[in-house]
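So the protein sequences, as listed, match chains A and B.
This note's numbering numbers the first residue of the first sequence as 83 and each following residue consecutively.
This note's numbering numbers the first residue of the second sequence as 21 and each following residue consecutively.
The structure appears right after this line, and notes come after that.
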Amino acid sequence: MTSQTPSQMDVDPELNAYIDGRLGPDAAAEVEARLTADPEFRRAVDAMIGDRDAIRAAAGALDTGPTSLRTAALERQLATRLSRRRWQAAITGPVSRQVAAGVVMFALGWGAHMTLAPGDGIYPSYVAEGLGAHTVFAEDRVYPVEFTPEATAAALDWMSEKLKRKIASPALDALGLDLVGTRLSGTREGPLAQFIYEDQSGNRLSLVVMPHPEGAPEAGLQVARNDSNSVGYWSDATLDFAVIADTSDVQIESVAAEVTRNVGLSR
Amino acid sequence: MGLQDNLHEQIAGLRRYALVLTRNRDDAEDLVQDTLAKALDKAHTWQPGTDLRPWLFRILHNTHVSNLRKQKVRADAAHDLPEPVMPETQAVALELKQVLDALEKIPEAQRKPIVLVALEDMSYADAARSLDVPLGTFMSRLGRGRAALRKLLGEIKRGKLHLIA
Numbered sequence: 083m084t085s086q087t088p089s090q091m092d093v094d095p096e097l098n099a100y101i102d103g104r105l106g107p108d109a110a111a112e113v114e115a116r117l118t119a120d121p122e123f124r125r126a127v128d129a130m131i132g133d134r135d136a137i138r139a140a141a142g143a144l145d146t147g148p149t150s151l152r153t154a155a156l157e158r159q160l161a162t163r164l165s166r167r168r169w170q171a172a173i174t175g176p177v178s179r180q181v182a183a184g185v186v187m188f189a190l191g192w193g194a195h196m197t198l199a200p201g202d203g204i205y206p207s208y209v210a211e212g213l214g215a216h217t218v219f220a221e222d223r224v225y226p227v228e229f230t231p232e233a234t235a236a237a238l239d240w241m242s243e244k245l246k247r248k249i250a251s252p253a254l255d256a257l258g259l260d261l262v263g264t265r266l267s268g269t270r271e272g273p274l275a276q277f278i279y280e281d282q283s284g285n286r287l288s289l290v291v292m293p294h295p296e297g298a299p300e301a302g303l304q305v306a307r308n309d310s311n312s313v314g315y316w317s318d319a320t321l322d323f324a325v326i327a328d329t330s331d332v333q334i335e336s337v338a339a340e341v342t343r344n345v346g347l348s349r
Numbered sequence: 021m022g023l024q025d026n027l028h029e030q031i032a033g034l035r036r037y038a039l040v041l042t043r044n045r046d047d048a049e050d051l052v053q054d055t056l057a058k059a060l061d062k063a064h065t066w067q068p069g070t071d072l073r074p075w076l077f078r079i080l081h082n083t084h085v086s087n088l089r090k091q092k093v094r095a096d097a098a099h100d101l102p103e104p105v106m107p108e109t110q111a112v113a114l115e116l117k118q119v120l121d122a123l124e125k126i127p128e129a130q131r132k133p134i135v136l137v138a139l140e141d142m143s144y145a146d147a148a149r150s151l152d153v154p155l156g157t158f159m160s161r162l163g164r165g166r167a168a169l170r171k172l173l174g175e176i177k178r179g180k181l182h183l184i185a
């Protein structure tokens with residue numbers, strides 16, 4: 083058998099994979115057999131493995147020095163940006179597309195109220211925002227709220243001003259749902275208020291309220307499924323609403339009815 | 021591992037890789053910082069759920085190519101010796117320095133694949149993507165680079181070349 087020289091070996095991907103320890107047992111055994119049959123070949127391959135290890139050792143011996151303040155600052159910024167990117171993907175990615183599939187039937191009739199977001203599909207944008215807020219905050223038990231139930235009054239004042247409409251009380255006590263807290267956030271559609279509730283077993287529900295675009299038509303309750311969540315949403319003349327929870331469509335309809343009846347959205 | 025810890029680990033890898041490439045701590049830190057600044061601009065191109073490493077290394081490679089041009093201008097203007105990045109007193113340093121010196125003598129296109137697979141636990145496919153080359157090209161460069169490196173190091177042993185002063 084003729085020995086392989088290093089210059090002949092350079093076109094052998096399997097050999098490189100062997101050097102890097104990336105071959106499966108069978109393929110590795112085949113290479114081993116070739117090496118056993120050719121001592122010069124084995125010496126060359128062993129030397130290459132040695133070179134690879136030496137590069138690793140040399141890199142390990144290099145002193146990269148302390149991380150500069152600027153590098154550390156960039157790292158923090160990038161971590162924040164990538165986290166946000168991950169959440170955005172969670173909000174506008176598969177979740178929203180599933181919603182889009184669920185709502186597309188009646189979406190077509192919504193005219194001006196619909197949003198055609200790039201890559202997101204056609205659906206009321208506040209529904210996607212609400213689903214995102216529910217996914218991110220209501221299902222997170224660590225930092226779920228900005229305003230505790232005790233601070234709700236102040237939150238309501240602020241929100242009423244932002245939404246340009248008096249919101250009296252978000253209580254859903256009649257349904258056995260306790261208010262856990264409130265979050266306010268900004269979206270590309272405007273301010274978003276999210277009320278988070280818990281039932282006796284700790285299951286969570288979000289009520290999301292956003293200003294209704296001026297001139298857009300009002301809309302009756304629609305219910306769509308999104309994974310295990312059911313989302314009910316509707317609009318009156320000035321506000322858009324969404325209720326989201328891991329429950330049945332019937333229960334979501336009950337909550338929606340309670341919201342319209344009792345939440346006291348007096349003008 | 022959380023995203024933050026993962027990113028921290030990847031950046032440590034970028035710094036080490038950059039140092040092997042540049043052999044100069046300041047240049048390596050500049051390269052990593054430029055890479056991170058570009059990653060901030062390009063954060064929208066990262067697909068959540070995918071490995072950060074190939075994405076970051078790809079940005080580093082693109083940045084390195086443009087930095088090399090700038091460094092050439094700088095090198096033409098000044099003849100400062102690079103800051104030594106390896107303690108000369110270490111007994112192992114000589115042999116390891118030989119490896120790094122030999123690496124410097126092989127073409128850039130071959131050097132990067134060799135160092136990438138030696139330092140980073142990245143699949144060949146990801147490593148190829150990070151260099152923007154097809155897998156076949158990557159494997160060919162890896163193989164040719166290894167053969168060239170072996171030849172250089174073999175010659176050092178035989179005393180044909182004197183890479184160490």
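We treat Cβ as the ideally placed atom computed from N, Cα and C, and that holds for glycine.
Keep in mind it's a predicted model, so treat the numbers as computed, not measured.
For W240(A), does the three-state DSSP call read helix, strand or coil? It is helical.
Short Cβ contact (7 Å threshold) for L173(B) with A122(B): With respect to A122(B), L173(B) sits close: the two C-beta atoms are nearer than 7 Å.
Listed in chain order, which residues of the region 104-130 of chain A have Cβ atoms closer than 9 Å to some Cβ of chain B? Listed in sequence order: R104, A126, A129 and M130.
Taking Cβ-Cβ distances below 7 Å as the criterion, which residues of the region 127-156 of chain A are in contact with chain B? Flagged, chain order: A129, M130, D133, R134, A136, I137, R138, A139, A140, A141, A143, L144, D145, T146, G147, S150, R152, T153 and L156.
Is the beta carbon of A274(A) sitting closer than 7 Å to the one on V325(A)? Looking at the sequence shown, residue 274(A) is not Ala but Leu. For the pair L274(A) and V325(A), the CB atoms are not nearer than the 7 Å cut-off.
In chain A, what lies closer than 9 Å to I134(B) by C-beta? Correct list: D133, R134 and I137.
Identified DSSP bridge partners for W75(A): Limits of chain A in this structure are 83 at one end and 349 at the other, which puts residue 75(A) out of reach.
I'd like to know if the region 117-137 of chain B and the region 153-164 of chain B are in contact, where contact means that at least 3 CB-CB pairs between them fall below 8 Å. Verdict: yes, contact present.
Identify the continuous beta strand (DSSP E) that holds G302(A) and give its terminal residues. A301 to N308 is the span of the beta strand (DSSP E), which, as asked, contains G302(A).
L160(A) at chain B interface by Cβ criterion, 7 Å: Yes - at least one Cβ of chain B is within 7 Å of the one on L160(A).
Determine whether the beta carbon atoms of V52(B) and L34(B) lie at a separation below 7 Å. In this structure, V52(B) lies near L34(B), with their beta-carbon atoms less than 7 Å apart.
Check S330(A) in the structure and name its three-state DSSP category. DSSP places S330(A) outside both helix and strand once states are collapsed to three, so it counts as coil.
Beta-carbon neighbours of R35(B), restricted to chain A and to distances below 7 Å: Correct list: T146.
Using a C-beta cutoff of 7 Å, does V85(B) count as contacting chain A? Cβ-Cβ to chain A under 7 Å: no for V85(B).
What residues are listed by DSSP as bridge partners for S267(A)? Here S267(A) is bridged, per DSSP, to L274(A).
Along the chain, where does the alpha helix (DSSP H) that runs through M130(A) open and close? Run containing M130(A): P121 to A143, per the alpha helix (DSSP H) assignment.
DSSP on R86(B), reduced to helix/strand/coil? Rather than Arg, the amino acid found at residue 86(B) in this sequence is Ser. Reduced to three states, the DSSP call for S86(B) is helix.
In angstroms, rounded to a whole number, what distance separates the CA positions of L23(B) and R167(A)? Approximately 11 Å, taken between the alpha carbons.
Cα separation between H28(B) and R36(B)? Approximately 13 Å, taken between the alpha carbons.
Give a yes or no on whether 7 Å exceeds the smallest Cβ distance from M159(B) to chain A. Taking Cβ atoms only, chain A reaches closer than 7 Å to M159(B), which makes this a yes.
Can you list, in chain order, the residues of its chain with a C-beta nearer than 8 Å to that of Y208(A)? Leave out the 5 residues immediately preceding and following it. Cβ neighbours of Y208(A) beyond the five flanking positions: T269, E271, L274, V290, M292, Y315, D322 and A324.
What is the DSSP secondary structure of S336(A), reduced to helix, strand or coil? Taken through DSSP and simplified to helix, strand or coil, S336(A) comes out as helix.
Classify T230(A): buried if its beta carbon has 16 or more other beta carbons within 10 angstroms, exposed otherwise. Looking at its Cβ environment, which holds fewer than 16 other Cβ atoms inside 10 Å, T230(A) is exposed.
Any beta carbon from chain B within less than 7 Å of V341(A)'s own beta carbon? No, because no Cβ of chain B sits closer than 7 Å to the Cβ of V341(A).
Would K62(B) pass as a contact of T83(B) if the rule is Cβ separation under 7 Å? Contact check for K62(B) against T83(B) fails: the beta carbons are separated by 7 Å or more.
Just to confirm the assignment, what range does the alpha helix (DSSP H) spanning S207(A) have? Element bounds for S207(A): S207 to A215.
Going by DSSP, what residue range makes up the alpha helix (DSSP H) through P154(B)? Taken as a continuous stretch (DSSP letters only), P154(B) belongs to no alpha helix (DSSP H), as it is neither H nor E.
Start and end residues, beta strand (DSSP E) containing L27(B): Where L27(B) is concerned, there is no enclosing beta strand (DSSP E), although the alpha helix (DSSP H) it sits in stretches over L23 to T42.
Is the distance from the Cβ of A148(B) to the Cβ of L155(B) below 7 Å? In this structure, L155(B) lies closer than 7 Å to A148(B) by Cβ.
Please confirm whether P95(A) has its beta-carbon closer than 7 Å to some beta-carbon of chain B. Taking 7 Å as the threshold, the shortest C-beta distance from P95(A) to chain B falls below it.
Give the residues of chain A in contact with E49(B), contact being defined as C-beta atoms less than 9 Å apart. By Cβ distance, chain A contributes T146, G147, T149, S150, R152 and T153.
Report the CB separation of S310(A) from D328(A) in whole angstroms; it is logged as a contact under 8 Å. 5 Å between Cβ atoms; contact.
Against chain A, which members of the region 60-81 of chain B pass a CB distance test of less than 8 Å? Listed in sequence order: L60, A63, H64, W66, Q67, P68, G69 and L72.
Check the Cβ-Cβ distances between I31(B) and every residue of chain A, and say whether any is below 7 Å. Yes - at least one Cβ of chain A is within 7 Å of the one on I31(B).
DSSP state of N285(A) mapped onto helix, strand, coil: Residue state, collapsed to three classes: coil.
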